[in-house]
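Heads up: take any position in the sequence shown, counting from 1, add 464, and you land on the working numbering. Before any comments, here is the structure.
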Amino acid sequence: MSFQTDLLNHIPIDPLTGAIAVPIYQTSTFVQEAPGVNKGYDYSRTNNPTREVLENLCAKLENGAGGFAFSSGMAAIDAVVKLLSSGDEIIAVADIYGGAYRLFEKVYSKFGIKTHYVDTSDLTQVEKAITSRTKLFWIETPTNPTLKITDLRALSQIAKEHNILLCVDNTFATPVSQRPLDLGADLVVHSVTKYLAGHSDVIAGLVVAKTEELAQEIRFYQNACGAVLGPFDSFLTVRGIETLQYRYQAHCDHAQKIAEFLEGHELVRRVYYPGLPSHPGYGLAGQQQKYAGAIISFDLHEDRSENALAIIRHLKQFKLAESLGGIKSLVSLPCEMSHKTLPECQRQQSGISDSLIRLSVGLEDVQDLIRDLEQALEYGQSVAPDREQPLEQAPDAATAPFPNAPVQLRESCC
Ligand code: PLP
Numbered sequence: 465m466s467f468q469t470d471l472l473n474h475i476p477i478d479p480l481t482g483a484i485a486v487p488i489y490q491t492s493t494f495v496q497e498a499p500g501v502n503k504g505y506d507y508s509r510t511n512n513p514t515r516e517v518l519e520n521l522c523a524k525l526e527n528g529a530g531g532f533a534f535s536s537g538m539a540a541i542d543a544v545v546k547l548l549s550s551g552d553e554i555i556a557v558a559d560i561y562g563g564a565y566r567l568f569e570k571v572y573s574k575f576g577i578k579t580h581y582v583d584t585s586d587l588t589q590v591e592k593a594i595t596s597r598t599k600l601f602w603i604e605t606p607t608n609p610t611l612k613i614t615d616l617r618a619l620s621q622i623a624k625e626h627n628i629l630l631c632v633d634n635t636f637a638t639p640v641s642q643r644p645l646d647l648g649a650d651l652v653v654h655s656v657t658k659y660l661a662g663h664s665d666v667i668a669g670l671v672v673a674k675t676e677e678l679a680q681e682i683r684f685y686q687n688a689c690g691a692v693l694g695p696f697d698s699f700l701t702v703r704g705i706e707t708l709q710y711r712y713q714a715h716c717d718h719a720q721k722i723a724e725f726l727e728g729h730e731l732v733r734r735v736y737y738p739g740l741p742s743h744p745g746y747g748l749a750g751q752q753q754k755y756a757g758a759i760i761s762f763d764l765h766e767d768r769s770e771n772a773l774a775i776i777r778h779l780k781q782f783k784l785a786e787s788l789g790g791i792k793s794l795v796s797l798p799c800e801m802s803h804k805t806l807p808e809c810q811r812q813q814s815g816i817s818d819s820l821i822r823l824s825v826g827l828e829d830v831q832d833l834i835r836d837l838e839q840a841l842e843y844g845q846s847v848a849p850d851r852e853q854p855l856e857q858a859p860d861a862a863t864a865p866f867p868n869a870p871v872q873l874r875e876s877c878c
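Here it is as structure tokens:
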């Protein structure tokens, strides 16, 4: 049976009413017949029928023993780190998502959990960083924003030899393209906010555990700490997942065409996209991913690098915003936005230059997207860099719904 049919079959028809769409059980508690005697639900932090449909669906998608839905991707990451104890160490991918970096460095370091950051696309660097205290490998593949690829099969071998848990943030690839648990990982997390929900209308996170034992532990922390996903957002996410495969395929198809266009443009120094043979991870991505993904980063030739802002400002179809994975195309400047919290040296080492532009390719007509990039690059080629205002004073701030609200691009990390 195909992935899509199997997935749709996994969304149950409501046994009470026959409703074909998932009912939203917007309730905090459930009436009991006698103390402790209930219909399988007693309190919605612990379990809720709408969330349960989503969690079972996600366990199925990632082929794990249990899925757990959280109120954000960060809450999902937080639940995994709670498996560790003071004195334990993490080895994390160097160009890690800025929010995860902040969590590891500003929260968990206080509790005695230390993180080492290495380029995990080079496994010798990972092996060198292992100590007797290493308990968790934290991997994003492809990474954000330079789309580096880590060999999950090989890394899972190393993890097993050293009794280290391997957790993969699969937000960029999605289970349509890559299934880390099948490649040897122990845990998968998602910012469901992105492709899984897919319409830029939900903040949500997910953990899927490979074994029942790990699932029990995550279930415990989900309930004990309480950052659960509400019923309505669970419903929206199930609805998003129903079309995930078709959306993701189209996102990737558009991205491939755009990456090829950008690679041929004279203003562009380098395009980062694992679907291009010029990308160092091209071969490996082809082995462990079904699709190359829909995030593209590119930077400009040095003499034009200051024109990144001019280009971003001139795009019309790609909206300047945090986030990715929704049906509408977005553009961002990682050094000022998603990766602002990374130290400058770590950003430079990871190839996140000040002119690196990241695109989240959406589902507008791809020719319109290419034309939009064409006109913005043309403008970027002609304009003098010093004519541009800093990004914080984007002209559309004046016409935004709350024109007097302070624009805080530099503070954000998303
Ligand atoms: N992981 C990745 C790769 C992300 O890009 C993000 C957010 O951008 C997160 C985790 C955090 O997810 P959320 O914003 O849903 O908390």
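Positions of the beta carbon are idealized from the N, C-alpha and C atoms, including for glycine.
- Distance between Asp-646 and Lys-674, taken at the CA atoms: about 9 Å.
- Pairing Ser-641 with Gln-753 gives a Cβ-Cβ distance under 8 Å.
- With respect to the 8 Å criterion, Leu-797 and Ala-772 are classified as neighbours on the basis of their beta carbons.
- In the structure shown, Glu-604 adopts extended strand secondary structure according to DSSP, grouped into three states.
- Distance check between Thr-491 and each of Ile-816, Gln-680, Leu-693 places Leu-693 closest, using alpha-carbon atoms only.
- In this structure, Glu-604 and Val-671 do not form a Cβ contact; the two beta carbons are roughly 15 Å apart against a cut-off of 8 Å.
- Under the DSSP assignment, Val-557 falls in the beta strand (DSSP E) whose first and last residues are 553-557.
- Around the beta carbon of Ile-628, 16 or more other beta carbons lie within 10 angstroms, which makes this residue buried.
- Residue burial annotation: Tyr-581 is buried, with at least 16 other C-beta atoms found within 10 angstroms of its C-beta.
- Beta-bridge partners assigned by DSSP to Val-632: Ile-603, Val-652.
- Contiguous beta strand (DSSP E) elements confined to the stretch 662-686 occur at 669-673, taking only those with 3 or more residues.
- The secondary-structure analysis by DSSP pairs His-580 across a beta bridge with Ile-555.
- DSSP places Phe-762 in the strand class (E or B) of the three-state scheme.
- Across the set Ala-593, Ser-664, Leu-616, the C-alpha of Leu-616 shows the shortest separation from the C-alpha of Gly-750.
- Relative to the non-hydrogen atoms of the ligand PLP, the Cβ of Tyr-572 never comes closer than 7 Å to any of them.
- In this structure, Met-538 has its CB closer than 7 Å to one or more heavy atoms of the ligand PLP.
- In the DSSP assignment, Ser-787 falls outside any beta strand (DSSP E), carrying neither H nor E.
- The Cβ atoms of Ser-802 and Glu-786 sit closer than 8 Å to each other.
- Here the distance from the Cβ of Ile-541 to the nearest heavy atom of the ligand PLP is below 7 Å.
- With fewer than 16 other beta carbons inside 10 angstroms of its own, Leu-472 counts as exposed.
- In this structure, Glu-604 has its beta carbon less than 7 Å from a heavy atom of the ligand PLP.
- For Ile-821, the enclosing beta strand (DSSP E) stretches over residues 821-824.
- Nearest to Gln-831 by alpha-carbon distance, out of Gln-845, Ser-817, Gln-720, Val-632, is Gln-720.
- Note on geometry: alpha-carbon atoms of His-474 and Ala-758 lie some 26 Å from one another.
- Pairing Leu-651 with Val-544 gives a Cβ-Cβ distance under 8 Å.
- In terms of side-chain proximity, the C-beta atom of Phe-601 is found no nearer than 7 Å to any non-hydrogen atom of the ligand PLP.
- It is roughly 35 Å from the alpha-carbon of Thr-469 to the alpha-carbon of Lys-546.
- Under the DSSP assignment, Tyr-561 falls outside any beta strand (DSSP E); it carries neither an H nor an E label.
- For Gly-747, the closest C-alpha among the options Asn-512, Cys-799, Pro-606 is that of Pro-606.
- In this structure, Leu-806 sits near Gly-562, with a CB-CB distance shorter than 8 Å.
- Within 10 angstroms of the beta-carbon of Gly-815 lie 16 or more other beta-carbons, which makes it buried.
- The beta carbons of Val-656 and Gly-537 sit closer together than 8 Å.
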